[in-house]
Every structure is written in structure tokens, then in C-alpha cells.
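Visitor: To start, I am sharing the structure in question, which I have written as C-alpha cells.
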Amino acid sequence: MAFHLADSLDTLGPSRAWWSFSMERLMGHVLKSTGNNRIGQLEITYLTNFARIANLRAMLASNNFPASFQPYVDHIRALYDPIPFVPQTVTNQRESSLEVDTFHQLLERLNQIAPLGDAKWVASHKWAKSSSSTDVPVSSRVQAYSSLRRGDVVYSNMKTNKSNCVVKLKPNSPAMYGMIKTIFTHLRTPPGLQPVPDTWLAVHPLIPVPSNTDPFAQLKKYDSLGVALRRVEYSQEHIVHLDDIVAQCAWMTYKPGELGPGMEFETTAIVSLDR
């Protein structure tokens with residue numbers, strides 16, 4: 001039977017001769033003992049914290065809580081059972097309305113590529129006032145994209161990725177080269193038919209520089225290079241269909257005067273990637 005210091009003090013009282021043999025022997029037992037058969041701070045800590053936490057965890061696992069408590073239960077469970085990480089991504093598309101000038105150009109292009117015979121596509125806010133009962137309303141609401149993938153090619157607007165924003169267009173387009181300002185999908189509903197989606201681009205044209213100041217003019221005899229020197233006309237904007245794109249372009253910008261004294265404006269060298 002092991003004697004414990006706490007029991008001896010309660011039974012025999014304090015010992016003045018703590019160095020005596022009997023007390024030394026008793027202390028030897030105390031030092032080898034893992035406890036003193038009494039509730040001390042360690043036991044109190046266990047009973048009031050560890051046991052309480054285990055009971056709380058068991059309660060949380062029971063799922064016997066009202067539905068209104070569930071959000072709080074999930075947060076508490078996350079302390080010992082972390083919620084799996086789910087990456088959050090920003091959507092590439094958003095709904096918006098076209099600017100007035102852009103919408104007007106879109107109506108003109110719709111009447112060109114999808115004519116309605118004697119009728120025409122008109123803005124929805126003007127449709128009620130139209131004198132023709134056969135005209136078809138068109139909304140200015142569109143689904144806009146910062147980037148758009150078509151096959152292996154990614155097109156981006158000029159604010160998202162400048163490397164993907166310059167394109168070469170078909171010969172019948174309003175410009176030969178364009179810098180993409182906006183990419184959007186528009187829905188039109190022909191009479192008696194299902195809605196038809198079309199993807200369009202609003203581009204700033206890259207217009208030719210004066211030939212007498214173009215240092216790249218000497219490269220025209222090397223047609224295989226396909227190098228063109230242009231200037232971005234930010235004051236103009238054209239609407240082109242996605243099918244009007246021939247290829248993307250690699251490009252680089254020269255500062256005003258960098259190519260010579262007669263080029264006191266920013267220029268852009270373009271190489272088509274359609275080869």
C-alpha cells in the first residue's frame with residue numbers, strides 16, 4: 001500500500017523532521033506516483049474542459065438541432081473537422097446593356113445579315129411607336145465576356161489581355177484590323193421562331209498610317225512577312241460578327257516619334273497569325 005503525502009498530512013499533521021528516514025521514504029513513493037488520489041488542478045482541468053469538449057462534440061454529431069441552428073453548428077464543427085476548401089472563381093460573363101451608338105450599329109448589322117423582307121429590326125423602345133406592324137423589336141441587353149474561347153483560340157477585350165485583343169477581319173468588314181473593346185452575345189427572336197444567339201465584337205479600327213511616312217512600306221515586296229503599320233483610332237468603333245475574324249495578330253506599339261520625325265503619333269506594328 002502506497003502512502004501519499006497529502007493523506008499523511010491529513011492524518012498525522014505536519015512533520016517538523018521532514019529529513020527523517022520515514023519522510024524520505026514517503027517522499028520517494030510520492031515522486032514515483034503518478035497522482036495523489038485527490039482532485040487537483042489537472043483533474044479539474046480535464047473534467048471541466050476536455051470532458052466537456054468531448055460531450056459537446058458528441059452533441060454536434062447527433063444532428064438533433066433545429067434547422068435555424070445548422071449554420072452555427074457547421075461553423076463549430078469546422079473547428080475540429082475543417083470544411084473542405086472550394087476554390088471561388090470570378091465569372092467571365094455579365095449582363096449589360098449596349099451603349100446607344102453600339103446598339104444602333106448592331107441594328108444596322110442585323111438588318112444586313114438577317115433581313116426580314118418588308119419588315120426590319122427596330123429597338124424595343126421604338127417598336128411601340130413604329131408605323132409598321134411587321135417590325136420586330138430588339139433588346140439592347142447582352143451577355144458580355146471579358147474573354148471568349150473558340151476552338152484553340154482565346155479572344156479577350158483590350159482591358160483583360162492585350163495579347164489577345166488584336167484581330168484581322170474579313171475583306172468585307174468595316175476595317176481590316178481591329179482592337180477588341182467588347183465581346184458580347186445578343187439574342188434576337190425572328191417572328192414565329194426560337195431566339196437566335198449571335199456573338200459580336202465591338203472593335204476600334206487600326207487604320208493605315210500615311211504611306212509617305214511609313215517606314216514599313218519598303219517591306220511590301222516581302223508579302224510573306226505580312227507586316228502592317230497601323231494606328232488605333234479610339235474615336236471610332238465598329239460592330240463585327242465573330243465569324244468575321246480571320247485570325248489573331250501579334251503586335252507591338254511604338255511611341256510617338258520613335259520610328260522617325262514624321263510619325264508624331266503612337267503606331268502599332270501588326271503581324272497576322274493566320275499562316
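FYI, in UniProt numbering the residues of the sequence shown are 1 to 275. Note that CB positions come from ideal geometry on N, CA and C, so glycine has one too.
In the DSSP assignment, find the unbroken alpha helix (DSSP H) run with T102 in it and report its ends.
Guide: Position 102 of the sequence shown holds residue 102. V100 to I113 is the extent of the alpha helix (DSSP H) around T102.
Visitor: With DSSP as the reference, label S68 as helix, strand or coil.
Guide: Position 68 of the sequence shown, counted from the start, is the residue given in the question as residue 68. It is helical.
Visitor: For T199, which residues of its own chain have a beta-carbon under 6 Å away from its beta-carbon, when the five flanking residues on both sides are left out?
Guide: As a position in the sequence shown, residue 199 is number 199, starting the count at 1. Hits under 6 Å: T185 and L242.
Visitor: If you draw a straight line from the C-alpha of H75 to the C-alpha of V154, how long is it?
Guide: Working through the sequence shown from its first residue, we reach residue 75 at position 75. Working through the sequence shown from its first residue, we reach residue 154 at position 154. Straight-line Cα distance between these residues: approximately 41 Å.
Visitor: Quick check: what's the CA-CA separation for A247 versus K255?
Guide: Here residue 247 is taken as the residue at index 247 of the sequence shown, counted from 1. Here residue 255 is taken as the residue at index 255 of the sequence shown, counted from 1. Roughly 25 Å separates the two Cα atoms.
Visitor: For the pair the stretch 62-73 and the stretch 109-119, tell me if three or more CB-CB distances fall below 8 Å.
Guide: With a cut-off of 8 Å, the stretch 109-119 and the stretch 62-73 do not count as touching, because too few Cβ pairs lie within range.
Visitor: Return the chain-ordered list of same chain residues with a C-beta closer than 7 Å to the C-beta of K170, the five sequence neighbours on each side being excluded.
Guide: Start at 1 with the first residue of the sequence shown, and residue 170 comes out as number 170. Counting only Cβ-Cβ distances below 7 Å, and skipping sequence neighbours, we find D244 and V246.
Visitor: Let's see if you can read the secondary structure: which residues bound the beta strand (DSSP E) around A54?
Guide: Locating residue 54 in the sequence shown gives position 54, counting from the first residue. Taken as a continuous stretch (DSSP letters only), A54 belongs to no beta strand (DSSP E), being part of the alpha helix (DSSP H) at A51 to S62.
Visitor: Using CA coordinates, which residue listed in L201, P190, Y72 and Y177 is at the minimum distance from E233?
Guide: Numbered from 1 along the sequence shown, position 233 holds the residue referred to as residue 233. The candidate whose alpha carbon is nearest that of E233 is Y177.
Visitor: Would you call Q105 buried or exposed, if buried means 16 or more other Cβ atoms sit within 10 Å of its Cβ?
Guide: On the sequence shown, position 105 is the one that residue 105 refers to. Q105 comes out buried.
Visitor: I need the straight-line Cα distance from R94 to I270, nearest angstrom please.
Guide: The residue you call residue 94 lines up with position 94 of the sequence shown. The residue you call residue 270 lines up with position 270 of the sequence shown. Using only the alpha carbons, I get a separation of about 31 Å.
Visitor: Do you know offhand how far S156's Cα is from L187's?
Guide: Here residue 156 is taken as the residue at index 156 of the sequence shown, counted from 1. Here residue 187 is taken as the residue at index 187 of the sequence shown, counted from 1. Their Cα atoms are separated by approximately 21 Å.
Visitor: Quick one, are the C-beta atoms of R57 and Y80 less than 8 Å apart?
Guide: Mapped onto the sequence shown, residue 57 falls at position 57. Mapped onto the sequence shown, residue 80 falls at position 80. Taking 8 Å as the Cβ cut-off, R57 and Y80 qualify as a contacting pair.
Visitor: With distances taken between CB atoms, is the gap from R231 to T253 smaller than 8 Å?
Guide: Start at 1 with the first residue of the sequence shown, and residue 231 comes out as number 231. Start at 1 with the first residue of the sequence shown, and residue 253 comes out as number 253. Contact flag unset, no.
Visitor: Let's see if you can read the secondary structure: which residues bound the beta strand (DSSP E) around S124?
Guide: To locate residue 124, count along the sequence shown from 1; it is residue 124. From DSSP, S124 is part of no beta strand (DSSP E) but of the alpha helix (DSSP H) over S124 to W127.
Visitor: Using a Cβ cut-off of 8 Å (strictly closer), state whether E108 contacts chain C.
Guide: Reference to chain C is not applicable here, since this structure consists of a single protein chain.
Visitor: Please classify L259: does DSSP put it in a helix, a strand, or coil?
Guide: In the sequence shown, counting from the first residue as 1, residue 259 sits at position 259. Here L259 sits in coil by DSSP.
Visitor: Can you check which of these residues, D118, H125, L116 and P190, is closest to P100 by C-alpha distance?
Guide: Walking along the sequence shown from the start, residue 100 turns up at place 100. A quick correction: the sequence has Val, not Pro, at residue 100. Looking at the Cα atoms, H125 is the closest of the given residues.
Visitor: When DSSP labels each residue in this structure, what does K159 get in the three-state scheme?
Guide: Sequence index remark: in the sequence shown, residue 159 carries index 159 (1-based). The answer is coil: DSSP assigns K159 none of H, G, I, E or B.
Visitor: With distances taken Cα to Cα, identify the nearest neighbour of S272 among V166, A123 and S211.
Guide: Against the sequence shown, residue 272 aligns to sequence position 272. Of V166, A123 and S211, the residue nearest in Cα terms is V166.
Visitor: Using the beta-carbon count (16 or more within 10 Å), is I53 buried or exposed?
Guide: Translated into the one-based positions of the sequence shown, residue 53 becomes position 53. The residue in question, I53, is exposed, as its Cβ has fewer than 16 Cβ neighbours within 10 Å.
Visitor: Distance, Cα to Cα, K120 vs M158?
Guide: For the purposes of this step, residue 120 is identified with residue 120 of the sequence shown, where counting begins at 1. For the purposes of this step, residue 158 is identified with residue 158 of the sequence shown, where counting begins at 1. C-alpha separation (whole angstroms): 33 Å.
Visitor: Taking DSSP as the reference, what is the three-state secondary structure of V73?
Guide: Locating residue 73 in the sequence shown gives position 73, where the first residue counts as 1. V73: helix per DSSP, three-state reduction.
Visitor: From the DSSP output, which residues share a beta bridge with A247?
Guide: What you label residue 247 is simply residue 247 of the sequence shown in a count that begins at 1. In DSSP, A247 forms a bridge with K168.
Visitor: For A202, I'd like the list of residues in its chain whose CB is within less than 7 Å of its CB, leaving aside the five on either flank, ordered along the chain.
Guide: Locating residue 202 in the sequence shown gives position 202, where the first residue counts as 1. Once the five neighbours on either side are set aside, the close Cβ partners of A202 are T102, K181, T182, E237 and I239.
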